[in-house]
């Protein structure tokens, strides 16, 4: 089964909102064995929706449409679909009762506009929305399925999980789709491709190799589709082993692992701990680590020392050093790392201080300069970086570089 | 001029990677006055690319294609475009020299595969890439423009800014496109629409009103397109004033403002300061605040007290209170807020403690429970929330709710 996702909303086309719905649905379809051939974002107009569905019908059997189901005038998806399928709107008494009940519970006035949310197409299967007032709709005609869902992410996700996936599973007959990622450090895309030439030429038809370069690392992905799940999984596992043998052991890791994964794995294994002292990164490193569950095993926390006084009063950075070298300096980064290590008793510590911009306040360094310090059990390493501009890039790169430096120190000490 | 964006890459269709390029380009096109009618993500195959371009040609005059320009076998965009435009690849000596120079500088071996990056279409205008080895290509035929750019975000952005936008500006003749957002608190979508019925019916043809609901707030957006920039900007400004008068003054704010904007505005104005003490949110609140520039005017920093010992040793939460009520409790949230306020001397403090899940460790509360405390100059407010699951949602909602509670306290004290 081939699928297409259509997200409807001018907010995406004018760049006001980032479409995250498509990726979420893409993951679900991939796991189910449905081949997604296209995702499209279009405008909130009848004409754009009709064109979009016509085009999707020509390349896919399953079309998932999100957005445009609100009660307001700018939302036209439902009316367009009803016309498209020569259907008509009828009052759905159960959905009306659901909506009224939602309003009663929250003590909000129920208006005629809300009643329009219970006017639903006669021929479609109605998918009740437990998290909002816009019901989902499942149209089926000439072997094609068109599913319309609200665009609010948590409502859309609730409907996919509770209503859409169980129905698709009942249809069944999907092949297995599997991918496995390997992360390669210190090898460029073209050098990796040269090294993998023979391996790539010998891949079976149903498995593809992809290269995903990004600053500092290259991800390699083996992707396969096959009716026989066991055969596919074994083939990918076996080929993955061969692929890893092409490179030096320390330069490749199996899985789409991040630096935080590496840090978590080794510190948890060794029962060691980590604390952070963040100035310019302002909590970004701590936040990145604590996005993962289970990190309380090794992550103690730390100090966001955005203000110079906090660097002195909590982390014990000396006033003289700040005055002599300014807050953005090698010396301050070093004292911050040692300070938070002492304060928390952690085995490892990360510290950052820099000018994320756009202004440099009263420091000696230009915008983009960041000092990162890593304190281990027997030394402190400090490096100076120029991450350029703009601010978001400086913060993101400083965070990634700090986690990379720490993973390397941890791996050295294994 | 109507535009379409095509992003190429299986990594998007299998859900491995989130497409952020489209939004970035969408913003640039909107500011320029180019109407984006569709964004599409498709697979790395010749067939998909040809279909995608054929379809885009039928609805747009300008097609921006990103991705598939690497030197490896999985990248076929360049070869497909050359065939599509009946063009041929020729060696571009300047680009070859550029690439060799990049490799020399970084001390990396230059291979034949890299040389293939300098084989470029004869008829296209070549756009030099200062940040990578994949040059951009500008094809023009029968009044349609197709621009091919690398998919690596910072390379694509560099090429858009340095090469694509200046050329589009030269073509010129675009209308003005303007939008203005208003954020409404405490009013639902349907009630807002009822209140705005007359306003909406009287809008001129060239201005549209859109409703963007999300948990806890509703954004209203006026969007317009007109050849006369002055007329358009004045009309939107005037209508914005009328729109705001429909609601109570305290429930609507002009601009796509976040809670951090509100906090920054008032604390900076009043020369007051803020510190945070984060347990479950793990640095997310600090990180959100410091994403913005200029926040050092009011934001001091704070403590990420992920581990219970840090709550005691740095924030001074008493061991007895933790043992009596467990770390996830109203009492601990309150002591954390007061502790960080005292430690930093801040006027306001935020504290969070909760179970983000998936496990509850050794606390009394279930997964999803978060206590948020706000310390002001004369009191501490603590609230208990159940943000459910999964972990990411709990963390995101706890962060948003904490910033919302703080803005409300700040606004009360005005």
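Protein chains in written order, with the UniProt record's numbering: chain A, 1 to 414; chain B, 1 to 414. Glycine included, C-beta positions come from ideal geometry on N, C-alpha and C. Nothing here was measured: the structure is a model prediction, and the numbers come from that model.
In this structure, DSSP gives residue 27 of chain A a helical state, which the three-state scheme calls helix.
By the Cβ neighbour-count rule, residue 368 of chain B is buried, with 16 or more other Cβ atoms within 10 Å of its own.
Relative to residue 157 of chain B, the option among B:20, B:318, B:329, B:382 whose CA is nearest is B:20.
Around the beta carbon of residue 78 of chain B, a 10 Å sphere encloses 16 or more other beta carbons of the protein chains shown; the residue is thus reported as buried. Taking the Cα of residue 407 of chain B as reference, the smallest distance to any Cα among B:185, B:107, B:141, B:166 is reached at B:185.
Around the CB of residue 91 of chain A, fewer than 16 other CB atoms lie within 10 Å, so the residue is classed as exposed.
DSSP places residue 325 of chain A in the helix class (H, G or I) of the three-state scheme. Residues of chain A with a Cβ closer than 8 Å to the Cβ of residue 73 of chain B are, in chain order, 193, 200, 209. Shown in chain order are the members of the stretch 9-33 of chain B whose Cβ falls below 9 Å from a Cβ of chain A: 9, 10, 11, 12, 13, 14, 15, 16, 17, 18, 19, 20, 22, 23, 24, 25, 26, 27, 28, 29, 30, 31. Among the CB atoms of chain B, one or more fall inside 7 Å of the CB of residue 391 of chain A. Residue 385 of chain B sits in a strand when the DSSP states are folded into three classes. Ranking B:196, B:303, B:169, B:234 by CA distance to the CA of residue 314 of chain B puts B:303 first. For residue 410 of chain B, the number of other beta carbons within 10 angstroms of its own is at least 16, and it is reported as buried.
Between residue 6 of chain A and the set A:48, A:28, A:340, the nearest pair of CA atoms involves A:48.
In this structure, the alpha-carbon of residue 380 of chain B lies about 49 Å from that of residue 206 of chain B. In this structure the stretch 59-74 of chain A does not touch the stretch 141-160 of chain B; the number of beta carbon pairs closer than 8 Å is below three.
The closest CA to that of residue 168 of chain B, considering only B:187, B:178, B:146, is found on B:146. In chain order, 278, 280, 281, 282, 283, 284, 304, 306, 356, 395 make up the part of chain B whose C-beta sits under 9 Å from the C-beta of residue 290 of chain A.
In terms of Cβ geometry, residue 287 of chain B and residue 287 of chain A form a close pair [threshold 7 Å].
Taking each of A:235, A:405, A:390 in turn and checking the Cα distance to residue 258 of chain A, the smallest one comes out for A:405. Below the 8 Å Cβ cutoff, chain A contributes 10, 14 as neighbours of residue 223 of chain B, in chain order.
Interface residue (Cβ-Cβ distance to chain B less than 7 Å): residue 85 of chain A is not classified as such.
Leaving aside the five residues that flank residue 17 of chain A on each side, the residues in its chain whose CB is nearer than 6 Å to its CB run, in chain order, 11. Annotation: the continuous alpha helix (DSSP H) that includes residue 154 of chain A extends over 153-159. Taking 8 Å as the upper bound for CB-CB distance, residue 14 of chain A and residue 65 of chain A are not in contact here, some 20 Å apart.
When the alpha-carbon of residue 181 of chain A is set against those of A:190, A:111, A:197, A:239, the nearest one is in A:239. When DSSP states are grouped into helix, strand and coil, residue 272 of chain B belongs to the coil group.
CA-CA distance, residue 89 of chain A to residue 118 of chain A, rounds to 9 Å. The DSSP assignment places 252-254, 274-278 as complete runs of the beta strand (DSSP E) inside the stretch 239-287 of chain A, in order along the chain (cut-off: 3 residues).
Exclusion of the five residues before and after residue 395 of chain B leaves 280, 281, 282, 284, 356 as the residues of its chain whose Cβ lies within less than 8 Å of its Cβ.
The contact set of residue 348 of chain A on chain B, defined by CB atoms closer than 8 Å, is empty, because the minimum CB distance reaches about 14 Å. Per DSSP, the unbroken beta strand (DSSP E) holding residue 351 of chain A starts and ends at 348-354.
Ranked by Cα distance from residue 95 of chain B, the options B:59, B:133, B:83, B:318 are led by B:133. By the CB criterion at 7 Å, residue 159 of chain B and residue 136 of chain B fall inside the cutoff.
The beta carbon of residue 344 of chain A sits closer than 8 Å to the beta carbons of 273, 275, 300, 301, 302 from its chain, once the five residues preceding and following it are set aside; these are given in chain order.
The residues 268, in chain order, have a CB closer than 7 Å to that of residue 297 of chain A in the same chain once the five nearest residues on each side in sequence are set aside.
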